[in-house]
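Trainee: First the structure, which I've put down as structure tokens, then a few questions once you've had a look.
Residue numbers (this note's numbering): 3 to 347.
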């Protein structure tokens with residue numbers, strides 16, 4: 003892959019104008035168009051030669067033989083990483099983000115507001131990966147479903163109810179179900195599932211659990227099945243998918259259909275966003291750089307936000323066409339992540 007420093011000054015100037023014009027209009031850019039902009043003292047023929055060189059480097063492409071040029075995904079990556087001059091969000095944009103995200107109420111409302119606000123300001127789909135909710139136990143029970151299955155029912159302190167099917171060893175008496183549920187409620191209430199699991203392991207190791215082997219196994223099964231399911235269940239909020247159906251969508255319905263299908267696969271997007279948790283700054287995924295969006299040719303801009311202890315708890319961002327205004331949207335996503343971090347700390 004070419005780097006910015008490997009390009010001549012002339013090639014850099016032409017490349018920048020092509021990319022910025024394309025991102026603004028969504029249309030291929032011709033040499034005459036660049037010449038008329040008056041930003042460089044080159045003839046259309048000279049500009050055309052430079053564009054041909056950039057095409058041979060894989061940075062530009064011509065959708066039709068007689069059309070102008072547009073940046074390739076490789077070209078967009080080069081531009082974003084080495085040439086883009088990011089613009090800070092305007093005072094109005096910052097005020098809107100802070101006002102909507104910072105309204106009092108449950109954190110879930112703030113996260114939903116963040117996605118809606120980003121969607122409206124960027125004209126893309128807003129997305130946020132919600133931190134895994136860990137309900138604290140208030141009550142736990144096992145409801146028999148048959149000889150080899152029971153329903154583990156957890157009631158959280160916040161009133162939430164979760165239930166999962168648990169496999170039982172043959173011949174387990176109903177009394178063991180009652181005993182196990184009563185034990186969890188009496189000894190593990192007020193704790194998260196992770197905390198309850200750790201306390202239980204300690205008590206069993208010290209032979210202080212006051213349960214027979216069958217009931218111990220049942221308690222561990224019940225806590226484990228709920229813990230494992232919660233850990234692997236992505237919570238993703240998406241707002242503004244309608245923005246993805248823009249003026250170019252009519253000419254490229256397959257791309258839009260693929261993108262909407264991809265957004266429906268929330269678990270896949272959650273895994274993609276999870277990759278942004280590892281970085282300290284905003285990440286940009288362009289088109290086929292990620293297999294998930296290879297068919298739709300879409301880009302994702304995502305930034306992590308942090309909790310009270312400084313650890314990353316979630317990711318916020320946008321999904322849009324590869325020709326979105328990166329210089330404007332990247333700082334906007336970053337500012338939204340900073341706002342969420344301040345709210346959570």
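Glycine included, C-beta positions come from ideal geometry on N, C-alpha and C. These figures come from a predicted structure and were not determined experimentally.
Report back the beta-carbon spacing between residue 17 and residue 9 to the nearest angstrom; my notes put them in contact at under 8 Å.
Mentor: That belief holds up - the Cβ atoms of residue 17 and residue 9 are roughly 7 Å apart, short of 8 Å.
Trainee: Among 87, 171, 120 and 27, which one has its Cα closest to the Cα of residue 336?
Mentor: Nearest of 87, 171, 120 and 27 to residue 336, Cα basis: 120.
Trainee: Is it the case that the Cβ atoms of residue 15 and residue 42 are separated by a distance below 8 Å?
Mentor: In contact: residue 15 and residue 42 (Cβ atoms closer than 8 Å).
Trainee: Use the C-beta contact count for residue 234: other C-beta atoms within 10 angstroms, 16 or more gives buried, fewer gives exposed.
Mentor: Low local confidence applies: a pLDDT of 49 at residue 234 is under 50, so the model's placement there is unreliable, and no value is given.
Trainee: Quick one: give me the first and last residue of the beta strand (DSSP E) that residue 148 is part of.
Mentor: Counting along the chain, the beta strand (DSSP E) containing residue 148 begins and ends at 139–148.
Trainee: Tell me where the beta strand (DSSP E) around residue 127 begins and ends.
Mentor: First-last of the beta strand (DSSP E) with residue 127: 127–131.
Trainee: Starting from residue 38, follow the alpha helix (DSSP H) in both directions and report where the run begins and ends.
Mentor: It spans 33–39 - the alpha helix (DSSP H) in which residue 38 sits, taken as one unbroken run.
Trainee: Where do the N-terminal and C-terminal ends of the beta strand (DSSP E) with residue 335 fall, by residue?
Mentor: Looking at the DSSP string, residue 335 is not in any beta strand (DSSP E); the run it does join, the alpha helix (DSSP H), is 328–346.
Trainee: In its own chain, which residues sit with a C-beta less than 7 Å from the C-beta of residue 38, not counting the 5 before and 5 after it?
Mentor: Taken in chain order, the list of residues that qualify is empty.
Trainee: Considering only their Cβ atoms, is the gap separating residue 288 from residue 78 smaller than 8 Å?
Mentor: Yes, Cβ-Cβ distance for residue 78 and residue 288 is below 8 Å.
Trainee: If you drop the 5 nearest sequence neighbours on each side, which residues of the same chain put their C-beta closer than 6 Å to that of residue 344?
Mentor: Once the five neighbours on either side are set aside, residue 344 has no close Cβ partner at all.
Trainee: Do the segment 143–150 and the segment 173–182 touch if we need at least three Cβ pairs shorter than 8 Å?
Mentor: Counting Cβ pairs under 8 Å, three or more are found: they touch.
Trainee: Indicate whether the contact test is met: 3 or more Cβ pairs, each with one atom in the segment 321–338 and one in the segment 84–103, closer than 8 Å.
Mentor: Taking 8 Å as the limit for Cβ pairs, the verdict is that the segment 84–103 does touch the segment 321–338.
Trainee: Do you know whose CA, among 205, 123 and 221, lies nearest residue 155's CA?
Mentor: Nearest C-alpha to residue 155: 221.
Trainee: Output the boundary residues of the beta strand (DSSP E) element that contains residue 110.
Mentor: Counting along the chain, residue 110 falls outside any beta strand (DSSP E), though it belongs to the alpha helix (DSSP H) covering 109–124.
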